[in-house]
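Peer 1:
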Amino acid sequence: QWNEPRICSRRYMKVDFADIGWNEWIISPKSFDAYYCAGTCEFPMPKIVRPSNHATIQSIVKAVGIIPGVPEPCCVPDKMNSLSVLFLDENKNVVLKVYPNMSIETCACR
Amino acid sequence: CHSSAAREAAAAAADSSEPLGGASRSPALGALGQDKVAVHMLKLYEKYNREGSRPGDGNTVRSFKARLEMVAQKPQYCFNLTSMQESELILAATFHFYADKRHRHWETLSKCSKNSSCRLFHPPQDSRLSLLFHSIGQNFAYGAVKGNITVFPHRRGAWQAKDISHLIKKSKREGELILCTELDSREKYQGFPEHVSYHLPYILVYANDLAISEPNSVAVTLQRYDPFPSADGDRRLLPNASMDTRVRRDIYPSSSIQNNELPEVEYNGDSKYNKHNFWESAYKSLKPKASRKDQRRKGPENGEMLTKSQVLNFDEKTMKKARRK
Chain A
27 QWNEPRICSR RYMKVDFADI GWNEWIISPK SFDAYYCAGT CEFPMPKIVR
77 PSNHATIQSI VKAVGIIPGV PEPCCVPDKM NSLSVLFLDE NKNVVLKVYP
127 NMSIETCACR
Chain B
-1 CHSSAAREAA AAAADSSEPL GGASRSPALG ALGQDKVAVH MLKLYEKYNR
49 EGSRPGDGNT VRSFKARLEM VAQKPQYCFN LTSMQESELI LAATFHFYAD
99 KRHRHWETLS KCSKNSSCRL FHPPQDSRLS LLFHSIGQNF AYGAVKGNIT
149 VFPHRRGAWQ AKDISHLIKK SKREGELILC TELDSREKYQ GFPEHVSYHL
199 PYILVYANDL AISEPNSVAV TLQRYDPFPS ADGDRRLLPN ASMDTRVRRD
249 IYPSSSIQNN ELPEVEYNGD SKYNKHNFWE SAYKSLKPKA SRKDQRRKGP
299 ENGEMLTKSQ VLNFDEKTMK KARRK
């Protein structure tokens, strides 16, 4: 994904539960599209990176350089989706849970 | 909340009496494909995934499969509900069982149905099943009676379901989470029914886990190893130790948050624990995979470097300099 824009955006990341060692008890799904956010939140931030008002102010403060040590805003998940997971609990009973905030829909500078 | 969950539970119960659909053939279940409760749960999972809805306004469905136990010298179907969490608010619960056609009340029914005068009959009193739920005390003795439910199975040789929400809520409230029941207390015990493993009753509990929105909630239920084991020694050696391991929710020890130090860096050589060792043992199931590109490279140097160490090592001088920066 090196060719993708440097600006803050959603990048593709597929998570296979086998890769993180959870596949022994997770029945379904075996994998899911989690995505991740990456990229810069440089001044001036365009609307596409959906900056919060605070991020806009922080970005200006950083650009002006009046307060040392203030970093650029961070590229973080904005809208997220839940994921249903079917798994075996410690007593080997089948459990279905809907976990919130498991995959990213949009990213933003915050 | 309750009525919505109960409605969904009832619908799911109705589904459960249907012949097994695609779920039973699903490769996702593997060996569990022959397990009625697993098949039912997979159907629910597929339903909520397809419709994008939540299970009865909640976020959790737990299944509990019965175990045949001898309680007070009688065979009983027992359920261990102890894996339900405090944070799970029960919305509804259903009891699913297979009404065996070999039972005495069904014989009565079939004899009657052969007689033309009985065509429009209502189920005789004998066709009802009594379900007496009671908790289990010490030494597998009878505990308190939690409820007595009478059901009139509408079809023989089929799965039936009954709402037992009040009963499960009461058991959880009173902390008595091992329940047993008899399907038909009037019948004399003559051995366990045939094909019993497939026809074992089960309970589905629809709940709303209030802790699921807390940070790191996914690790609480799905991460089966504790990154920071307690210093009190091995819990498994304690007499009351349980295999139910609810892991700590904080990622880093509080000290690293309070003192603003980087959690991965060992600041003091005399530190009482070595974090690097912690992570190595805790994440032993996490074996970093070489990227596809790396896998293609077959140079001996690369392979050697990877097996020696997965982390970069710096001498103390370099680390001090880096910290100062």
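Those sequence lines, one after another, are chains A and B.
According to the working numbering, the first sequence is numbered sequentially starting from 27.
According to the working numbering, the second sequence is numbered sequentially starting from -1.
Heads up, the beta-carbon is just placed ideally off N, CA and C, and yes, glycines get one too.
None of these values were measured; they are calculated from a predicted model.
(1) Report buried or exposed for serine 211 of chain B, applying the criterion of at least 16 other Cβ atoms within 10 angstroms of its Cβ.
(2) Round the Cβ separation of glutamate 98 of chain A and glutamate 68 of chain A to the nearest angstrom and send it over; I've been treating them as touching at under 8 Å.
(3) Mind pulling the alpha helix (DSSP H) runs of 4 or more residues that sit fully within the stretch 61 to 134 of chain A?
(4) Using CA atoms only, rank isn't needed, just tell me which of A/Met71, A/Tyr38, A/Ser78, A/Ile53 is closest to valine 121 of chain A.
(5) Which residues does DSSP pair with isoleucine 147 of chain B in a beta bridge?
(6) Going along chain B in order, which residues have a C-beta closer than 8 Å to the C-beta of phenylalanine 113 of chain A?
(7) If you compare alpha carbons, which of B/Pro213, B/Arg322, B/Glu180 is closest to tyrosine 96 of chain B?
(8) Would asparagine 117 of chain A pass as an interface residue toward chain B - the criterion being a Cβ-Cβ separation below 8 Å?
(9) Is the separation between the beta-carbon of aspartate 161 of chain B and that of threonine 92 of chain B shorter than 8 Å?
(10) For the 8 Å Cβ check, are there 3 or more pairs between the stretch 111 to 128 of chain A and the stretch 201 to 220 of chain B?
(11) Report the option in B/Glu86, B/Gly50, B/Lys318, B/Cys178 whose CA atom is closest to the CA atom of isoleucine 147 of chain B.
(12) If the cut-off is 7 Å on Cβ atoms, which residues from the stretch 32 to 43 of chain B count as contacting chain A, listed in chain order?
(13) Excluding sequence positions up to five away, which residues of its chain have a Cβ less than 7 Å from the Cβ of isoleucine 74 of chain A?
(14) Counting only beta-carbon atoms, is tyrosine 75 of chain B nearer than 8 Å to chain A?
(15) For the stretch 203 to 217 of chain B, which residues have a CB atom closer than 8 Å to at least one CB atom of chain A, in sequence order?
(16) Among B/Arg60, B/Leu87, B/Lys168, B/Glu67, which residue has its Cα nearest to the Cα of aspartate 207 of chain B?
(17) With a CB to CB cut of under 6 Å and the five nearest residues on each side skipped, what residues in its chain are close to isoleucine 134 of chain B?
(18) According to the neighbour-count rule (16 or more other Cβ atoms, all chains shown, within 10 Å of its Cβ), is leucine 66 of chain B buried or exposed?
(19) For chain B, find out if any of its Cβ atoms is closer than 8 Å to the Cβ of isoleucine 92 of chain A; answer yes or no.
(20) Can you give me, in chain order, the residues of the stretch 117 to 132 of chain A that have a beta carbon less than 9 Å from any beta carbon in chain B?
(21) Less than 7 Å between C-beta atoms, sequence neighbours within five positions excluded: which residues of the same chain meet that for glutamine 84 of chain A?
(22) Helix, strand or coil for aspartate 161 of chain B per DSSP?
(23) On the three-state DSSP scale, how would you describe methionine 68 of chain B?
(24) For arginine 322 of chain B, which residues of its own chain have a beta-carbon under 7 Å away from its beta-carbon, when the five flanking residues on both sides are left out?
(25) Along chain B, in chain order, which residues have C-beta atoms closer than 7 Å to that of serine 141 of chain A?
(26) How should glycine 173 of chain B be labelled, buried or exposed, when 16 other C-beta atoms within 10 angstroms of its C-beta is the threshold for buried?
(27) Using 8 Å for Cβ pairs, my map puts leucine 79 of chain B next to phenylalanine 62 of chain B. What's the rounded Cβ distance?
(28) Leaving out five residues on either side along the sequence, give the residues of the same chain with a beta carbon under 6 Å from the beta carbon of methionine 82 of chain B.
(29) Which residue wins for smallest C-alpha separation from glutamate 49 of chain B, given the options A/Glu116, A/Val41, A/Leu109, A/Arg136?
(30) Kindly say whether serine 54 of chain A, judged by its beta-carbon, lies nearer than 8 Å to any beta-carbon of chain B.
(31) Is there at least one Cβ from chain B nearer than 8 Å to serine 110 of chain A's Cβ?
(32) Would you please verify whether the beta carbon of tyrosine 46 of chain B is less than 8 Å from any beta carbon of chain A?
(33) Skipping 5 residues on each side, what residues in its chain have a beta carbon closer than 8 Å to that of lysine 56 of chain A?
(34) Do proline 199 of chain B and histidine 38 of chain B have their C-beta atoms closer together than 8 Å?
(35) Leaving out five residues on either side along the sequence, give the residues of the same chain with a beta carbon under 7 Å from the beta carbon of lysine 170 of chain B.
Peer 2: Quick answer:
(1) On the second sequence, position 213 is the one that residue 211 of chain B refers to. With fewer than 16 other Cβ atoms within 10 Å, it is exposed.
(2) Along the first sequence, one-based indexing puts residue 98 of chain A at 72. Along the first sequence, one-based indexing puts residue 68 of chain A at 42. Glutamate 68 of chain A and glutamate 98 of chain A do touch by the CB rule: their CB atoms are close to 6 Å apart, below 8 Å.
(3) Counting whole runs of 4 or more residues, the stretch 61 to 134 of chain A contains the alpha helix (DSSP H) stretches 79 to 90.
(4) The residue you call residue 121 of chain A lines up with position 95 of the first sequence. The shortest C-alpha to C-alpha distance from valine 121 of chain A to any of A/Met71, A/Tyr38, A/Ser78, A/Ile53 is the one to A/Ile53.
(5) The count along the second sequence starts at 1 and reaches residue 147 of chain B at position 149. Answer is B/Leu129, bridged to isoleucine 147 of chain B.
(6) Within the first sequence, the letter at position 87 stands for residue 113 of chain A. The answer, in chain order, is Thr219, Leu220.
(7) Start at 1 with the first residue of the second sequence, and residue 96 of chain B comes out as number 98. Answer by Cα proximity: B/Glu180.
(8) Translated into positions along the first sequence, residue 117 of chain A becomes position 91. At least one chain B Cβ lies under 8 Å of asparagine 117 of chain A.
(9) Looking up residue 161 of chain B in the second sequence gives position 163. Looking up residue 92 of chain B in the second sequence gives position 94. Against a cut-off of 8 Å, the Cβ pair of threonine 92 of chain B and aspartate 161 of chain B comes out as a contact.
(10) The way I'd put it, the stretch 111 to 128 of chain A does touch the stretch 201 to 220 of chain B; three or more beta-carbon pairs between them come closer than 8 Å.
(11) In the second sequence, the residue the question calls residue 147 of chain B occupies position 149. The shortest Cα separation from isoleucine 147 of chain B among B/Glu86, B/Gly50, B/Lys318, B/Cys178 belongs to B/Cys178.
(12) Answer set for the stretch 32 to 43 of chain B: Val35, Ala36, Met39, Leu40, Leu42, Tyr43.
(13) Mapped onto the first sequence, residue 74 of chain A falls at position 48. Closer than 7 Å at Cβ, skipping near neighbours: no residue.
(14) Reading the second sequence from its first residue, position 77 is the one you call residue 75 of chain B. Output row for tyrosine 75 of chain B: interface = no.
(15) With the criterion set as a beta carbon lying under 8 Å from some beta carbon of chain A, the members of the stretch 203 to 217 of chain B are Asp207, Ile210, Ser211, Ser215, Val216, in sequence order.
(16) For this step, residue 207 of chain B is matched to residue 209 along the second sequence. Ranking the options by Cα distance to aspartate 207 of chain B, first place goes to B/Leu87.
(17) By one-based count along the second sequence, residue 134 of chain B stands at place 136. Contacts found: Gly141, Ile176, Cys178.
(18) Taking the second sequence and counting its residues from 1, the one referred to as residue 66 of chain B is at position 68. Note on leucine 66 of chain B: under 16 other CB atoms within 10 angstroms of its CB, so exposed under the neighbour-count rule.
(19) Within the first sequence, numbered from 1, the residue matching residue 92 of chain A stands at position 66. For isoleucine 92 of chain A, the answer is no, since every Cβ of chain B falls outside 8 Å of its Cβ.
(20) For chain B, the residues of the stretch 117 to 132 of chain A that bring a beta carbon within less than 9 Å of one of its beta carbons are Asn117, Lys118, Asn119, Val120, Val121, Leu122, Lys123, Val124, Tyr125, Pro126, Asn127, Met128, in chain order.
(21) Counting from 1 along the first sequence, the entry for residue 84 of chain A is found at position 58. For glutamine 84 of chain A, where only same-chain residues beyond five positions count, the Cβ hits under 7 Å are Val96, Pro99.
(22) Working through the second sequence from its first residue, we reach residue 161 of chain B at position 163. It is a strand residue.
(23) The residue you call residue 68 of chain B lines up with position 70 of the second sequence. Methionine 68 of chain B carries a strand assignment under DSSP once its states are collapsed to helix, strand and coil.
(24) For the purposes of this step, residue 322 of chain B is taken as the residue at position 324 of the second sequence. None.
(25) Because residue 141 of chain A is not part of the residues shown, which for chain A are 27 to 136, the question remains open.
(26) Along the second sequence, one-based indexing puts residue 173 of chain B at 175. Glycine 173 of chain B comes out exposed.
(27) The residue labelled residue 79 of chain B in the question sits at position 81 within the second sequence. The residue labelled residue 62 of chain B in the question sits at position 64 within the second sequence. About 6 Å separates the Cβ atoms of leucine 79 of chain B and phenylalanine 62 of chain B, confirming a contact at the 8 Å cut-off.
(28) Here residue 82 of chain B is taken as the residue at index 84 of the second sequence, counted from 1. Cβ neighbours of methionine 82 of chain B beyond the five flanking positions: none.
(29) Along the second sequence, read from residue 1 onward, the residue named residue 49 of chain B stands at position 51. The residue from A/Glu116, A/Val41, A/Leu109, A/Arg136 with its alpha-carbon nearest to that of glutamate 49 of chain B is A/Leu109.
(30) Against the first sequence, residue 54 of chain A aligns to sequence position 28. Interface residue, yes.
(31) For the purposes of this step, residue 110 of chain A is identified with residue 84 of the first sequence, where counting begins at 1. So yes, serine 110 of chain A belongs to the interface.
(32) The count along the second sequence starts at 1 and reaches residue 46 of chain B at position 48. It does; some Cβ of chain A falls within 8 Å.
(33) Indexing the first sequence from 1 puts residue 56 of chain A at position 30. Cβ neighbours of lysine 56 of chain A beyond the five flanking positions: Asp42, Phe43, Ala44, Asn49.
(34) Stepping through the second sequence from its first residue, residue 199 of chain B is reached at position 201. Stepping through the second sequence from its first residue, residue 38 of chain B is reached at position 40. If you check the CB distance, proline 199 of chain B and histidine 38 of chain B do not come in under 8 Å.
(35) Within the second sequence, the letter at position 172 stands for residue 170 of chain B. Cβ within range, chain order: Met82, Ile88.
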